[in-house]
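Right, one structure below, let's go through it.
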Amino acid sequence: MSDTEKDNKSDEDSESLEEEEVDPRIQGELEKLNQSTDNINRWETELEDSRQKFRAVLVEATVKLDEQVKKIGKAVEDSKPYWEARRAARQAQVEAQRATQEYQRAIEILRAAKETIALAEERLLEEDSRQFDSAWQEMLNHATQRVMEAEQSRTRSEIEHRETAAKYNAAISHMRQLEKKLKRTINKSRPYFELKAKYYLQLEQLKRRVDERQAKLTQAKAEYRTALRNLETISDEIHARRRLSAMGPRGRGVGAEDDGTVTDDIANFKMESDGISMLSVNFEDSCNGSPSEDDPETQSTCSMSSTSAPLDLPCPSSSSSSYPLLSSSCPYPSSSSSSSSLSVCPDLLQLPGSGSLEGFAILRILMHSVCQIWATSKPKEGPMSAMNKPHKAKLAQIWATLI
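Numbering (the working numbering), first residue to last: 7 to 409.
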C-alpha cells in the first residue's frame, strides 16, 4: 500500500471518528476530573502551608523554651510536679463537669416521665365516663418504661459524677499541697510554663488544621480516581462498539453453501422412494391377478415378487415427472401368461448416470430384484420346465444391461 493510500485511509478513519456522536457521560466525567484536579492542587498547597507553619511554630517554641530554661535554671525542674498536678486537676475538672451535665440531663428526663404518668392518671380519674381501653394502657406502659430507663440513667450518671468529683477533689488537694510546698520555685518558673502552654495551644490548633487539610486531600484524590475509572469504563464500551461495528453481521460458515444441495438430493431420494413403493404395489397386484391355476411356476414367481420387499420399481404415470428413469409409456402386465407377467419396462434399462444418488439407489433395488427373480426361476424337472426359458432369456438380458 502506498503512502497516499495510507494517508487517505487515516483521513477517512479520523473523519469517521469525528462524525461519531460523543457520549454525553464523557463531558460530565471530564468536568469531575478537572474539578478533582483543582481540589487536589489546592488542598496540597494548603496542607504544605499548614505543615510549614506547624514546623515553624514548633521550632520557635523549642528555641524560646530553651532560652527560658537557661534563664530560669533549676527552678523549672523543681516546680514540674506542681504543674503536672495542676494539669491533672484541670483534666479531672473537665471530666467532672461532663458527668455533672449527664446527671442533670438524666434528672430532667426522669422528671418529665413522672409528670407524664401523673397527668395521665389525673385525666383518667377526672372523667368518670372514660373507659380504661387498650390505647390508654399502651400509653401508660410506654410512660412507665421511660421512667424506669430514666431512673437507671440517673443512677449511672450519679455514680460517675461522684467518682469524677472525688478525683477532682483529690487532684485539687494534691495541687494545693505542692503549691504551698514549692511556692517560691513555682513563682520563679511560672514564665516558662505559661509560655509552654501558649505554644502548646497554638500547636494544637495548627495540628488540627493539618488534619483537616489531609482529610480533604484524601477525599479529592478518591474523587479523582473514581472519575478516571468511569472514563476508562466508558472508553472500553466505545471500543467494544467500534469492534462490533467493524466486524459487521456474521456470515455463513465455510461449507454452508453445500447444505442446500445435499438436502435437495435427500429430499428427491425420499420422493423417488415413494414412487418406487407405488410401483411395487401395482406390480404385486398385477402378479397376483395374472397367473392362472394351471401355471404353478408362474404362481411361484408372482408369490416371490409379492413377498420380496426390495422390488420397488418406479414408473410414474405423469410424463412431466422429475425422474428420468421411467415414463408413462411403460405398460403394466395384465395378461395371465407367464411371459407377460415378467415383462420389464424398456425404459427401466435407461439408468441414470453413476454420479447421481438416485441412480445408485434404483440400481441397487433392480439388482436385488433380478437376483431374487433369477433364484426363483430355476428350471424344474418335468414337462413344465420348458416354460422357464423365456423368463431366463429376459432376465439374462436385464442382468447384462445392469452389469
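Ideal Cβ positions, reconstructed from N, Cα and C, are used throughout, including at glycine. None of these values were measured; they are calculated from a predicted model.
Under the assumption that residue i contacts residue j (Cβ atoms under 8 Å), give the Cβ distance between them as a whole number of angstroms.
i, j, result
"A226", "I46", "5 Å"
"S85", "L188", "5 Å"
"L237", "I32", "7 Å"
"D72", "I240", "D72 to I240, Cβ: 60 Å. No contact."
Smallest Cα separation from residue i: which of the options?
i, options, result
"N193", "E83, Q110, K70 and I32", "E83"
"Y88", "M181, L212 and V100", "M181"
"V153", "R247, H167, L184 and I113", "I113"
"K202", "R214, L130, Q74 and S42", "Q74"
"N175", "D72, L39 and E101", "E101"
"V216", "K59, I32, R247 and K38", "K59"
"L130", "A119, A118, K120 and Q143", "Q143"
"Y198", "K77, L146, R111 and K38", "K77"
"E54", "A246, R248, S241 and K213", "K213"
"E90", "R249, N236, L184 and A172", "L184"
"A149", "H245, R117 and A172", "R117"
"E164", "K186, M145 and Y109", "Y109"
"K204", "K38, L39, M145 and K70", "K70"
Within 10 Å of its beta-carbon, does residue i have 16 or more other beta-carbons around it, so buried, or fewer, so exposed?
i, result
"Y206", "exposed"
"E243", "exposed"
"R92", "buried"
"A62", "exposed"
"L36", "exposed"
"S56", "buried"
"A95", "buried"
"T191", "buried"
"A98", "buried"
"L223", "buried"
"R219", "buried"
"S140", "exposed"
"S195", "buried"
"S251", "exposed"
"S42", "buried"
"A221", "exposed"
"A425", "Because the chain spans 7 through 409 in this model, residue 425 falls outside it and cannot be assessed."
"A414", "No answer is possible for residue 414: the residues shown for the chain start at 7 and end at 409."
"M145", "exposed"
"R247", "exposed"
**the region 154–167 contacting the region 48–57, beta-carbon criterion three pairs below 8 Å** = no
**Request:** Say whether the region 58–77 touches the region 173–192, bearing in mind that this needs 3 or more beta-carbon pairs closer than 8 Å, one atom from each stretch.
**Result:** Judged by Cβ distances under 8 Å, the region 58–77 makes no contact with the region 173–192, as fewer than three pairs qualify.
**Item:** the region 114–130 in contact with the region 222–238 per 3-pair CB rule at 8 Å
**Value:** no
**Prompt:** Okay, do the region 164–171 and the region 98–108 touch, 3+ Cβ pairs below 8 Å being the bar?
**Reply:** Under the Cβ criterion (8 Å, minimum of three pairs), the region 164–171 counts as touching the region 98–108.
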